[in-house]
Structures are given as structure tokens and as C-alpha cells.
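Let me begin by presenting the structure, written as C-alpha cells, before commenting on it.
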């Protein structure tokens with residue numbers, strides 16, 4: 001190892017050393033750092049540099065060389081190391097590659113703007129850089145560079161200093177050439193804590209990095225060896241060794257999948273034989289996912305692309321399109337849950353992932369469907385473009401590429417993919433827990449215990465006469481319980497504004513209802529004590545003639561509103577059709593797309609249009625009133641304890 005004099009990487013910019021020049025460089029570096037806002041950016045930058053280096057060496061050397069990278073994620077001590085056996089950095093590159101706009105890469109590599117190394121150097125407060133070539137080896141460190149950037153009056157520029165302790169990664173000692181970079185995370189960095197994401201196994205991290213970094217190569221490279229080690233918060237070490245780098249395609253995470261081309265080929269074969277092309281063999285039916293990848297020419301032929309602007313994008317950027325079409329959002333949810341990551345974090349889900357330089361770049365873009373709304377969340381598109389790069393921090397691409405990706409994705413889903421989705425498994429919505437309840441006697445015993453542990457109590461002098469108590473004895477656990485409880489609420493006079501017309505055996509919806517307001521009007525008027533679910537007196541009296549009977553409307557039952565949100569997203573139900581939803585609980589899936597207004601909050605009483613209505617759901621984007629809700633758990637809490645429930649409603653839906 002060569003001992004060297006400390007040096008300032010910014011001197012590679014060859015600017016006059018002055019306060020003005022330093023402030024200018026700090027602004028430049030701050031702008032670079034502000035572009036790197038993704039949680040996985042440090043992983044992506046280090047891994048892409050290592051992949052470029054081992055691929056460069058593979059081109060230079062033929063024979064026994066095995067391109068390899070080693071990734072160490074230490075959650076306990078909060079650091080990341082990426083080591084490779086690539087070409088290494090010679091002395092000139094070692095002393096200049098951290099400066100802004102210095103790059104030794106060609107346009108064929110994953111990153112070539114000369115800013116990624118600057119982000120790594122000045123975005124953290126401890127970085128070790130180790131390099132080894134045939135005639136040069138050095139171990140250096142930078143300390144407190146992130147603090148220097150934030151300090152308006154620093155005492156001097158941070159320097160790369162000789163690290164007499166040697167390389168932190170022991171792997172570096174065993175390689176003949178290559179680079180090892182160590183990053184330490186702290187309260188000043190982004191991310192701050194590697195444990196924040198919650199994933200703590202090597203298998204989970206390998207899957208995450210195969211979606212978020214260059215390990216997820218669009219065009220696979222089976223020659224690169226990847227060794228990934230994870231040290232969890234208790235110090236336990238797990239290591240996985242993977243031969244090859246490739247994107248984590250959706251068909252790899254499910255039990256049963258088939259390609260679009262397979263399906264179309266079999267359909268044609270059946271048709272040519274005079275057989276029903278819809279009667280496919282079992283291997284091509286009830287799929288979790290169907291998928292395909294098309295080259296530029298295949299895409300042009302498939303969609304009959306003739307628009308000059310679109311053809312220009314095809315000619316300039318040679319897009320290659322992949323899609324994975326899942327039968328349900330449960331595919332993505334189950335996969336994300338299997339990683340044991342932080343709640344509401346998503347790694348693989350529906351949308352468009354743009355790729356360039358053979359790696360995913362930027363966040364997913366929503367597919368803008370006009371028809372089959374919701375289906376876009378079942379489809380994961382990855383579109384790779386040649387001869388282009390994302391902007392700083394890989395946040396986005398030029399507008400023509402983004403718009404092309406959106407338009408092509410939309411036409412694929414509305415066109416060819418729509419014709420094949422019948423091959424997907426039927427989304428029954430049945431809970432796996434209920435499906436496992438096979439023995440009737442076990443079920444009886446289970447529900448007897450449940451009844452004791454979760455009693456449902458609603459006793460009132462005003463309802464369920466003459467007994468004055470509800471006959472359902474336990475809290476609902478499924479949709480059928482919700483239906484039974486709601487109908488008892490209607491029959492017992494708790495809810496007086498809704499009349500059930502019929503259940504539905506033909507269409508996808510559950511039934512029809514009417515809103516009825518009739519004499520005596522007092523039954524519908526709000527009274528804090530004897531009729532707390534009523535309508536304000538002035539609202540009732542504004543109806544000129546009683547009885548008032550509305551036109552038929554569509555009624556839906558769900559245990560949780562989450563189930564209906566998924567139906568809307570997958571396109572099996574349309575929010576514009578539905579008038580009223582009866583649920584036990586609201587769940588959380590509505591958050592972000594919808595707002596729920598509570599009519600159990602006395603401040604919103606004027607919005608209640610008919611007796612028993614508890615909530616209204618509106619679209620956050622359009623402001624449109626989507627549907628009415630009766631949330632039975634909150635209704636019962638309100639009747640049993642109106643004061644506490646009132647405050648809870650404000651905290652849940654307003655604060």
C-alpha cells in the first residue's frame with residue numbers, strides 16, 4: 001500500500017483557491033446532493049460504479065477472470081461497503097474522481113456525468129476509498145465532508161487522507177485489482193439509518209437491490225458474481241451468493257406464470273385446428289402473472305406505430321418493453337410483505353419503470369388509462385431506452401421519453417393485453433384464513449371462543465324493541481357478518497333512511513337500495529339523545545312532499561373498505577356506479593387518493609342527507625363525492641359512547 005500526502009479532491013477542478021471559488025464549488029456540490037433524494041441512491045451509485053468497472057475489465061481481459069462484486073450492509077453499525085475486482089483507480093483517477101464533473105467513463109457505462117462520486121464523497125461524514133491496480137494501491141478516507149458542506153465558515157476543505165488502519169473490507173486484501181468504498185450513515189446523511197427500511201436478511205436485500213439498483217440489469221449478464229452479506233441489528237451475519245445480474249421480473253415471484261407469446265401461439269394453434277381458442281390447457285390458465293418482452297421492431301408491429309414522433313423515439317432510443325400483468329394487487333402486496341420491509345413501503349408494484357444504461361432509473365410512473373381504470377396497478381412495465389440517461393440523481397428523463405412510455409403502456413393494456421387477461425386467476429377476494437377453515441366443527445368451536453372474547457354490545461331504549469338489545473353477539477370477522485349486522489340495524493330502526501330492494505346475482509355488484517324519507521318525519525330528525533343518527537330538522541323540512549323515494553342505487557358490502565379500493569383499482573368495480581358502501585372498518589387503502597368526512601362529527605351534521613349515514617368519501621384529485629359510507633364499527637362506538645367517538649372521529653379524519 002502506498003502512503004500518500006493528503007489532498008483536496010476539489011483541486012482537480014483547477015480553480016483559484018479563494019473564498020469566492022470555494023463558495024461557488026459548495027453551491028455546485030449542494031445542487032448535486034439535492035438531486036439525490038432516493039433512499040436507495042447510495043446503493044445504486046456504488047453498485048453501478050462497481051458493475052462498470054468489472055465489465056470494463058471483462059472486455060480487456062479474456063480467460064480466467066471472474067467479474068465479482070461484494071456488497072456488505074451492516075445494519076447494526078449502520079454502514080455500507082461495495083467492493084469489486086474491476087480495473088481499479090490509478091493514482092491520477094484516485095486523486096480526481098471525487099470532484100464534480102470529472103468522469104473517466106464512456107457513454108456506454110451506467111453513469112457518466114461525473115457527479116455520482118461527488119455525491120458519495122460530500123454527502124457523508126465518513127468515506128473510505130481503497131484502490132488497487134497493477135502499479136498503484138492506496139487506502140484513503142474523507143471525514144466530515146457533509147458537515148463541511150453545511151458549515152458557512154469552514155476552517156478548510158475536507159481532504160482525502162491516508163488511512164493507516166488499512167482497508168475495512170477484508171475482501172480488498174484478496175483481490176488483485178479493484179476498488180472498495182465504505183460509507184458510514186448518520187443523522188446528517190440520507191438515509192440516516194439502514195435499519196429504517198426494516199429488511200434484515202440477505203435474501204430480502206438481494207431482491208430489493210435487484211429492483212432498485214444495477215443488480216437489476218434489464219439485459220442480464222450471467223458472468224458477474226455477486227456476494228451480498230447483511231449483518232442485522234443483533235449482529236447475525238447472512239450471506240447469499242448470486243451468479244448473474246438481472247431485474248427481478250414479476251414472473252419470478254409467483255407460482256404460476258406464462259408468456260404472452262406462449263398464449264398467443266397456443267390460441268393460434270387451436271384456431272388452426274378448428275378448436276375453441278379460449279379453451280387453453282391448464283398450464284396457460286388461472287395464471288398469477290402473464291408477461292412478455294418486445295424489441296423495438298416487435299413493438300412497432302404489435303401496436304402498428306405510425307405516428308412520426310413515436311417512430312422518431314423508436315429510431316433514436318430503441319425502446320425494449322417488458323410487462324408483467326398480475327391477476328390481483330395481492331401479488332405485489334404479498335411480495336412486498338415477504339421482504340419484511342417497513343409498512344407501506346413498496347419495492348415491486350404496478351406502474352412504469354424506465355430503464356437506461358441497463359439499469360432501472362427513477363421512480364415508477366403511473367400508467368394513465370382512460371378505460372379499464374385500476375388495471376394499470378396490476379401491470380408492472382419496464383421500458384429500456386438506449387442512448388439516453390436520466391437527469392442528476394436519476395429522478396427523471398426528457399419529456400419525449402416519459403410521454404412515449406405512458407402512451408405505449410396505455411395502448412398495450414387497452415389493446416393486446418386486454419384480450420389475454422382472461423388467462424389470469426380469478427380474484428375471488430376470499431381471505432386465505434377463511435379458505436383454511438375446512439372443518440365445520442372447528443369453525444363452530446372457533447366462533448364460540450371468539451364470541452366470548454369479542455362480544456358485540458349495543459343496548460338502547462330506542463332500538464330493537466321490545467328486547468332493546470341487538471341479537472348479533474360478536475364482532476364481525478367477514479363480509480357475511482357485515483351484511484347480517486347491517487340488515488339487523490335496518491330492521492331494528494337504528495338506520496331508517498335505507499331500504500334494500502334486492503341482492504344481485506347477475507352483475508359484479510352486491511345489490512340495490514333506495515333512500516326513503518317518510519312520515520312520521522320525526523323518525524328522521526336529528527336529536528342528540530334519542531335520534532343521534534338523524535338528519536338536521538331543516539334538511540328534513542326542506543323536502544316539500546313526503547314520502548321521498550330516490551331512484552334505485554347500487555349497494556356494496558365489504559368487511560373492510562380496503563377490499564373495495566382494490567376492486568376499484570383492478571377495474572372489477574367502478575366508483576361512479578356505487579352509491580353506498582356498508583363496511584365494518586375503513587382500513588387504510590383510501591389514504592392518499594380519497595378523503596373521508598365523518599358525519600359522526602357534529603361539525604359535519606349538515607352534510608348528512610339521510611338517516612344512518614356515517615361518512616362520505618370524496619376523490620382528493622377531483623373533489624368529486626365518490627360514495628356514501630356506513631361504517632358499522634364506528635357507528636356502534638358512537639351510539640355506545642358518543643363523546644369519546646366524536647373526538648376519535650376528529651383525530652382520525654380531520655387532524
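In the numbering used here, the protein residues as written are 1 to 655. Just so you know, even glycine gets a beta-carbon here, dropped at the ideal spot from N, CA and C. Since we're looking at a predicted model, the values are computed, not measured.
What does the Cβ neighbour count give for residue i, buried or exposed, with the cut at 16 atoms within 10 Å?
i, result
"residue 496", "buried"
"residue 568", "buried"
"residue 41", "buried"
"residue 510", "buried"
"residue 122", "buried"
"residue 210", "buried"
"residue 409", "buried"
"residue 158", "buried"
"residue 378", "buried"
"residue 502", "exposed"
"residue 328", "buried"
"residue 608", "buried"
"residue 292", "buried"
"residue 294", "buried"
"residue 255", "exposed"
"residue 492", "buried"
"residue 150", "exposed"
From the DSSP secondary-structure annotation, give me the bridge partner or partners of residue i.
i, result
"residue 585", "560"
"residue 660", "The first residue shown for the chain is 1 and the last is 655, placing residue 660 beyond what the model contains."
"residue 140", "129, 162"
"residue 79", "74, 184"
Taking 8 Å as the limit between beta carbons, can you name the residues of its chain near residue i, skipping five residues before and five after?
i, result
"residue 589", "561, 562, 565, 566"
"residue 134", "177"
"residue 202", "228, 229, 230, 238, 239, 240"
"residue 407", "310"
"residue 280", "263, 266, 267, 270, 423"
"residue 645", "600, 634, 637, 638"
"residue 532", "526, 638, 639, 642"
Quick one: what's got a C-beta closer than 6 Å to residue i's C-beta in the same chain, skipping five residues either side?
i, result
"residue 500", "513"
"residue 214", "47, 48, 51, 110, 359"
"residue 81", "72, 169, 182"
"residue 519", "546"
"residue 653", "596, 598"
"residue 184", "79, 126"
"residue 322", "293, 382"
What would DSSP say about residue i, mapped onto helix, strand or coil?
i, result
"residue 351", "strand"
"residue 7", "strand"
"residue 155", "coil"
"residue 48", "helix"
"residue 32", "helix"
"residue 2", "coil"
"residue 568", "helix"
"residue 255", "coil"
"residue 597", "strand"
"residue 443", "Reliability fails at residue 443, whose pLDDT of 45 lies under 50, so the model's placement of it is uncertain and no value is given."
"residue 626", "strand"
"residue 130", "strand"
"residue 300", "helix"
"residue 642", "helix"
"residue 39", "coil"
"residue 116", "helix"
"residue 281", "coil"
"residue 360", "strand"
"residue 84", "strand"
"residue 474", "strand"
"residue 636", "helix"
"residue 92", "helix"
"residue 420", "coil"
"residue 404", "helix"
"residue 294", "strand"
"residue 486", "helix"
"residue 608", "coil"
"residue 57", "helix"
For residue i, which residues in the same chain have their Cβ closer than 7 Å to its Cβ, ignoring the five residues on either side in sequence?
i, result
"residue 339", "199, 204, 207, 208, 347"
"residue 534", "524, 525, 526, 527, 611"
"residue 316", "387"
"residue 65", "57, 58"
Within 9 Å (strictly less), CB to CB, does residue i reach chain B?
i, result
"residue 119", "The structure shown contains no chain B, having only a single protein chain."
Say the cut is 8 Å; is the CB of residue i nearer than that to a heavy atom of the ligand NAD?
i, result
"residue 40", "The ligand content of the structure shown is nil, which means the ligand NAD is not present either."
Legend entry - Contiguous alpha helix (DSSP H) assignments of at least 4 residues, all confined to the stretch 172-243: As far as the stretch 172-243 is concerned, its whole alpha helix (DSSP H) runs of at least 4 residues are 202-212.
Inset, instruction - Would you mind listing the beta strand (DSSP E) stretches within the stretch 511-552 that are 3+ residues and don't spill past its ends, in chain order? - result: Taking only runs of at least 3 residues, the beta strand (DSSP E) segments lying wholly in the stretch 511-552 are 511-517.
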